[in-house]
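Chains as they are written, first to last, in the working numbering: chain A, 239 to 474; chain B, 607 to 1421; chain C, 10 to 452. Heads up: the structure comes next, in structure tokens.
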Ligand SMILES: Cc1cc2nc3c(=O)[nH]c(=O)nc-3n(C[C@H](O)[C@H](O)[C@H](O)COP(=O)(O)O)c2cc1C
Ligand code: SF4
Ligand code: FES
């Protein structure tokens, strides 16, 4: 069964991932991402696949798969749209964005508008703090950042996704789809040269540095060459 | 004013610390957990996740106490189940600290917000730690007015175990037991946070031989037994301590009865033996007590050839007459492996005194002469001072020979796993494939990985003795200096193997232990129910030993037969040939013998057959007289477990008109004009004890040369086979929930051999001999080339009866 | 002796390369003195690096502020006993504390400072394997880290015999999978071992029994990214910033109702008043109501705390914690009970489930707060919440539970009347069917 779903390429990747760790079980989180890159979610076959690869029981793998938010139980859309609704983003408009997208897509948390996996299908979720608070409200599409959103911009973004367009993220690589980024999360980067070039700094990120250079503020000057390391205190 | 003399403070013993708990000074061994020290003082700190045999978790936070170290109070209350004692520590429990008391009340309240108020219908009601602690320490009212968590109920997580998730307090005792103790991580935590719950994988139920223990240690009614659910209330039950009759572990049981019926069995707590764990067969297999086939009235075969119930007087008269008439032609005495020591002694004495023969054998399974010599030289008369569970646990290395510990001695398996896990004991298995037990006793200390797979020493069936003689150096080295060799009864199936074990023991200095599968074997050996030994391990061929027994039994000198008797197979063969006139058979299943067809032929041909039995069986069907005997629940007695430790038990239920074998034999002997003095188990035990073990030196070990394995021809394989714990055993009847957790019967073979034979994993394969064939799905495993494995007696796989073959024989294998 | 100079208001150390084009590429990093510290470090005895970091007074930037050099010093060394086991360095890049957004920009803009810090740290503690555990949702960071690691291998900074020193190191960039608790260091270790991310019992501490039960250092991204600069500048240079007990620069992440939210790297001890000035003041001039000094797990401050020095001691003395210096600013338009409800929903969603107080307590608190925000609160609820918090704080297994109580207890401390007013207002809402609608997203 799982032979058909997880092909030779996936098996090779599985071996490669496992080989990175001193102990094989450490590869479980990456392998569950790998399963999602194939299936668009973690199915029972995916659980069995990981269990076999790592010599674990399926209960042990299920225990892990159900613990983490990023492993999805049901097939996801081409895109996963995550709207931060933690307090700060929510205050700045995140709640409104989420409410609007829910209404627009006609789905709730972790539900998919459109046939899962089909072009333009979108799985919506509200997310906990996405660590981009200075750029809030934020949302992510397939974990690429779309910063400083408004209800309107989010709506337009989703419409574009549904049309099959791939609007560029504010920070992140050119948009692909959920399965592709899950492959990257497993530690396999088919096109790192290109994807790594995607922008990463926003105005906000550099505000402090910018202000400092404007005002000529600097950290205290370092010595010209690195100072000698301290001697060790005498052992008593 | 008088001045109290200054109290002389005793010194703190080495390895101890002194601390104060609730104002009382106490010395505690270093490393002891506070909760245990409190317990020793009689201060019970409430707890849920804590269990003395599981690693501390500190998860439930019920056991919080206030702790002061070096005169400084710790800022937060501490979990007494995870904190170890320290010198000068001052501990205040809920009895003396308002902070601890409030902390405990707070946790209790939080545990109860999501707990249903269904105690009246919950199995645990009345014996529930949560209920008890809530009554003792909890608030009377709840401030929780919001919505409780609910789950559809209950979830069967195996055929035996049901899970009510809303009752669960997430203490993780069940999951920790399964992972740490049993090594069966088939039950685990699922989801996260408030949604966290216990569960199993969608595709695999909680299939563990030890699952019943989780029901017992669940501190609430979240895990219940399908067998016991809704059957009783704790206050209706009467508990008796019992001993496991299914395996040779000697495990302590608690048997709960109500109005003459056993309703459930739990593990007893015996740190020296089974700790607090038993396997599921020992726990759940007791419906044989009430099964339809139970015989409770004596029966005699009439002129019409039919068995008919009759009175005890009549049955005993017919039996005695028949036996007396047969005495000149020879009487053989055969027993099964489930006798108590007292019963076995009665059979042994009956054979010698009433039948005048050494033709007595307890070995209702494949056996050999070599085995008799091995038992006489290495096993009989030994006790826990020679080899015990504790010694086993402490050994740096253990080698299992012809023993699949989880299937054949599950409690021994748990000790091996514990040692592998806690002390990095090396557990080697001389066997055919990496069974679950092999894998689960190969755990490296502190490692998340299965250890390097070097603990299976593979042997083609039949080659085991040769492999033992030529073990890899690292195994010999590991065994030398405190190692242990455990050999199972299946060694009798490989000529030379018992000899090789004896030789290896001598070579390495390793202690050698014999672990039979059944509860009665070891006791029967020591009681003399064997052709070569009188009670106490005295050789029948030793005149002085005979004289001791003759005098103890009040027999004239020279009465006891002097030659080694015939063994089970020989007796039955003689019966088939008409070389013996009568048989007294106690609880033997001919299908368990090496050649069931030959055995049945013997039983069919015998002139006169007396059967002592619990249930109708292949033997009762052929018997002339059937005498019912009492199962353990209705009698007292004792077993010798594999250690040679005497395990006494009392009757859990009234006799209910059935008598133990020793009493039946005693009366039968009286009818034959002989006194056995075994009218009660106590009398039999007393006499056996008085007999002692004599003082002759142990005879020499057997020294048979290793056999050569058979070589499979085209389309053939060498058969490997042993019994699974939960299979078609006669005492496991009528317990569908238990049967549901049996391991499936499959044909195991390695990939290369499968390919050569044209077999595919999952597809059927047929294993055949001239007698018959068995068809089962193929499962690939790491067996040696040219070897095929079948379970001995599981469903389709009735190896002995259908194939007439066994371990080491050649079989044909086809797709 | 020279008189101590007061450093500038902003002191870009970690952020100093961020404005450079392709700041994340190894060429840029090397041009800007990158990997010089490593070359210097490899010339000395590892113990002297540990001593340097001890002398510098560097404290962990992941929230708890534990002295970093001391932590490294706990790693047993030696050819026998626990010191003989392999040692590991694990970087905590799980940035999940609400409001915290400093490690992700650091890794995106300047991944090599972390890689170099990892190599120096591993050398110091004698680790040959290092894992960087990055929050899964931070995918672009993962790319940048992965690329940086590949570049470092290609240049001989990683792998076997690094720069001819005989020292070997492998780094794996590991993606998490969405669980705030995995920021807690022992939960992170379990997660990295392929398990549910639930915290472990301590002792044993990671220093003796961490990853794979071996000695392990777990440090935050910002902590380790600071190491190359400390090696280059020395401890005196580092101590020229900040205070005696909280030395060095720190990235303050300012978010919410300010004109110019963003990352501001300043010496430890800066005040909110100063930060607000730098960030252009309150947005549209609407007055400040409450703020967090270091993420939602640190008790709230109000306008009365504008001059609290934001270092470990200052924040603690004022009744909160420095945490991750995630300064979230809320103006007068924000309802405190609502904000607290949102945060509590977060803690409930992220509670790992292991211990009773946190699992059940957050479950209960959310219901009370949602009910209250929906207009169905009672006065007794306020006391009940405080008491539940008292039963969680210091009773739960790890600090997540403690953190969950911070917003509630501090909010009631400073804004009790707002809760009471809300209760008194009692809008006509029936519960609980309408709750989801009213409160927007619920877990
Ligand atoms: C619930 C919880 C979440 C945490 N999250 C993070 C985190 O995201 N990043 C981090 O570096 N430390 C986090 N910590 C702190 C870590 O446990 C640990 O103290 C830190 O990684 C140590 O590194 P440092 O000494 O360099 O600060 C968290 C702690 C708790 C209790
Ligand atoms: S089912 Fe019972 S033993 Fe298992 S976690 Fe729940 S309460 Fe504990
Ligand atoms: S019994 Fe101590 S925390 Fe559970």
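The C-beta atom is built at its ideal place from N, Cα and C for all residues, glycine as well.
For a contact meaning CB atoms closer than 7 angstroms, what does residue 381/A contact in chain C? Here residue 381/A refers to the residue found at position 143 of the first chain. Within chain C, the residues placing a beta-carbon under 7 angstroms from that of residue 381/A are 146 and 148, ordered along the chain.
What's the C-alpha gap between residue 1225/B and residue 1264/B? Translated into the one-based positions of the second chain, residue 1225/B becomes position 619. Translated into the one-based positions of the second chain, residue 1264/B becomes position 658. Residue 1225/B and residue 1264/B have their C-alpha atoms roughly 19 angstroms apart.
Using a 10 Å radius around the Cβ and a threshold of 16 neighbouring Cβ atoms, would you call residue 1183/B buried or exposed? To locate residue 1183/B, count along the second chain from 1; it is residue 577. By the 10 Å Cβ count, residue 1183/B comes out exposed.
From the DSSP secondary-structure annotation, give me the bridge partner or partners of residue 1192/B. Here residue 1192/B is taken as the residue at index 586 of the second chain, counted from 1. Residue 1192/B is bridged to 941/B and 1218/B.
Can you find a heavy atom of ligand 3 that lies under 7 angstroms from the Cβ of residue 654/B? Along the second chain, one-based indexing puts residue 654/B at 48. Yes, ligand 3 has a heavy atom inside 7 angstroms of this Cβ.
Is there at least one Cβ from chain B nearer than 8 angstroms to residue 183/C's Cβ? In the third chain, the residue the question calls residue 183/C occupies position 174. With 8 angstroms as the cut-off, residue 183/C does not count as an interface residue toward chain B.
The segment 360 to 385 of chain C: which residues have C-beta closer than 8 angstroms to a C-beta of chain B, in chain order? The residues in question are 360, 361, 362, 363, 364, 365, 366, 368, 369, 370, 371, 372, 373, 376, 377 and 380.
For residue 881/B, which three-state DSSP category applies? Within the second chain, numbered from 1, the residue matching residue 881/B stands at position 275. Residue state, collapsed to three classes: strand.
Exposed unless 16 or more other CB atoms sit within 10 angstroms - verdict on residue 1406/B: To locate residue 1406/B, count along the second chain from 1; it is residue 800. Buried: at least 16 other Cβ atoms inside 10 Å.
Below 7 angstroms CB to CB, which residues in the same chain sit around residue 233/C once its five sequence neighbours on both sides are set aside? Taking the third chain and counting its residues from 1, one reaches residue 233/C at position 224. 100, 123, 126, 127 and 130, listed in sequence order.
Using a beta-carbon distance cut-off of less than 8 angstroms, what residues from the segment 323 to 340 of chain A approach chain C? Answer in chain order: 323, 324, 325, 326, 328, 329, 330, 333, 336 and 337.
Buried or exposed: residue 723/B, going by 16 or more other Cβ atoms within 10 Å of its Cβ? Position 117 of the second chain, counting from 1, holds the residue named residue 723/B. When all chains shown are included, residue 723/B counts as exposed.
Report yes if the C-beta distance between residue 363/A and residue 413/A is below 8 angstroms; otherwise report no. The sequence position of residue 363/A within the first chain is 125, counting from 1. The sequence position of residue 413/A within the first chain is 175, counting from 1. Residue 363/A places its beta carbon 8 angstroms or farther from that of residue 413/A.
So residue 305/A contacts chain C; which residues on that side make the cut at Cβ distance below 7 angstroms? Here the question's residue 305/A lines up with position 67 in the first chain. Listed along the chain, the chain C residues whose CB falls inside 7 angstroms of the CB of residue 305/A are 188, 205 and 206.
Between residue 803/B and ligand 3, is the CB less than 7 angstroms from at least one heavy atom? In the second chain, the residue the question calls residue 803/B occupies position 197. Not one heavy atom of ligand 3 falls within 7 angstroms of the beta-carbon of residue 803/B.
Determine the direct distance from the alpha carbon of residue 1090/B to that of residue 1151/B, and round the result to whole angstroms. Counting from 1 along the second chain, the entry for residue 1151/B is found at position 545. Counting from 1 along the second chain, the entry for residue 1090/B is found at position 484. Near 31 angstroms, if we compare the C-alpha coordinates of residue 1090/B and residue 1151/B.
I believe residue 900/B touches residue 1220/B by the beta-carbon criterion, under 8 angstroms. Please report the beta-carbon distance rounded to the nearest angstrom. What you label residue 900/B is simply residue 294 of the second chain in a count that begins at 1. What you label residue 1220/B is simply residue 614 of the second chain in a count that begins at 1. Indeed they touch by this definition, with Cβ atoms about 6 angstroms apart.
By the three-class DSSP mapping on this structure, what secondary structure does residue 765/B have? Here the question's residue 765/B lines up with position 159 in the second chain. DSSP, reduced to helix, strand and coil, places residue 765/B outside both helices and strands of the structure shown, so it counts as coil.
Given 7 angstroms as the limit, tell me if residue 779/B has its C-beta closer than that to any heavy atom belonging to ligand 2. Your numbering for residue 779/B matches position 173 in the second chain. Within the cutoff, so yes.
Counting only beta-carbon atoms, is residue 369/A nearer than 8 angstroms to chain B? Stepping through the first chain from its first residue, residue 369/A is reached at position 131. For residue 369/A, no Cβ of chain B is located within less than 8 angstroms of the residue's own Cβ.
Tell me, to the nearest whole angstrom, how far the beta carbon of residue 275/A is from that of residue 404/A; I am working on the premise that it is less than 8 angstroms. Locating residue 275/A in the first chain gives position 37, where the first residue counts as 1. Locating residue 404/A in the first chain gives position 166, where the first residue counts as 1. Actually they do not touch by this definition, with Cβ atoms about 18 angstroms apart.
Taking the alpha helix (DSSP H) that residue 919/B belongs to, which residues open and close that run? Counted from its first residue, the second chain places residue 919/B at position 313. From DSSP, the alpha helix (DSSP H) with residue 919/B extends over 918 to 932.
Buried or exposed: where does residue 704/B fall if 16 or more other Cβ atoms within 10 Å of its Cβ makes it buried? Along the second chain, one-based indexing puts residue 704/B at 98. By the 10 Å Cβ count, residue 704/B comes out exposed.
Let me confirm a value: residue 344/A is counted as buried when at least 16 other C-beta atoms fall within 10 Å, else exposed. Which label applies? Here the question's residue 344/A lines up with position 106 in the first chain. Result: exposed.
Those runs of the alpha helix (DSSP H) which lie wholly inside the segment 1334 to 1390 of chain B and span at least 4 residues: Every alpha helix (DSSP H) of 4 residues or more that sits fully in the segment 1334 to 1390 of chain B is shown, in chain order, as 1342 to 1345 and 1357 to 1363.
Quick one: give me the first and last residue of the alpha helix (DSSP H) that residue 194/C is part of. Numbered from its first residue, the third chain carries residue 194/C at position 185. Per DSSP, the continuous alpha helix (DSSP H) segment holding residue 194/C begins and ends at 194 to 201.
Using a Cβ-Cβ distance under 8 angstroms, would residue 285/A count as near chain D? The question asks about chain D, but that chain is absent: this structure's protein chains are A, B and C.
Residue 1064/B by DSSP, collapsed to three states: which one? Here residue 1064/B corresponds to residue number 458 of the second chain, with the count starting at 1. Residue 1064/B sits in a strand when the DSSP states are folded into three classes.
If we define contact as Cβ-Cβ less than 8 angstroms, is residue 248/A a contact residue for chain B? Walking along the first chain from the start, residue 248/A turns up at place 10. Not closer than 8 angstroms to any Cβ of chain B, the Cβ of residue 248/A fails to qualify, so no.
With a threshold of 7 angstroms (Cβ to nearest heavy atom), would residue 826/B be considered close to ligand 4? Inclusion of ligand 4 in the displayed structure is not the case, the ligand content consisting of ligand 1, ligand 2 and ligand 3 alone.
For a quick check, are the C-beta atoms of residue 893/B and residue 818/B less than 8 angstroms apart? The sequence position of residue 893/B within the second chain is 287, counting from 1. The sequence position of residue 818/B within the second chain is 212, counting from 1. No, these two residues do not count as a Cβ contact at 8 angstroms.
Counting only Cβ pairs nearer than 8 angstroms, list the residues of chain A close to residue 46/C. Here the question's residue 46/C lines up with position 37 in the third chain. Within 8 angstroms Cβ-Cβ: 464.
Inter-stretch contact (C-beta, 8 angstroms, three-pair minimum) for the segment 304 to 315 of chain A and the segment 183 to 199 of chain C: Three or more Cβ pairs drawn from the segment 304 to 315 of chain A and the segment 183 to 199 of chain C lie within less than 8 angstroms of each other, which places the two stretches in contact.
Sufficient close CB pairs (3 or more, under 8 angstroms) joining the segment 1138 to 1157 of chain B to the segment 1169 to 1180 of chain B: Enough Cβ pairs lie closer than 8 angstroms, so yes.
May I ask you to check if the CB of residue 1030/B is nearer than 7 angstroms to at least one heavy atom of ligand 3? Along the second chain, one-based indexing puts residue 1030/B at 424. Not one heavy atom of ligand 3 is found less than 7 angstroms from the C-beta of residue 1030/B.
Cut-off 6 angstroms between Cβ atoms - residues of its own chain near residue 331/A, not counting five sequence neighbours on either side: One-based indexing of the first chain puts residue 331/A at position 93. So the list reads 375, once near-sequence residues are dropped.
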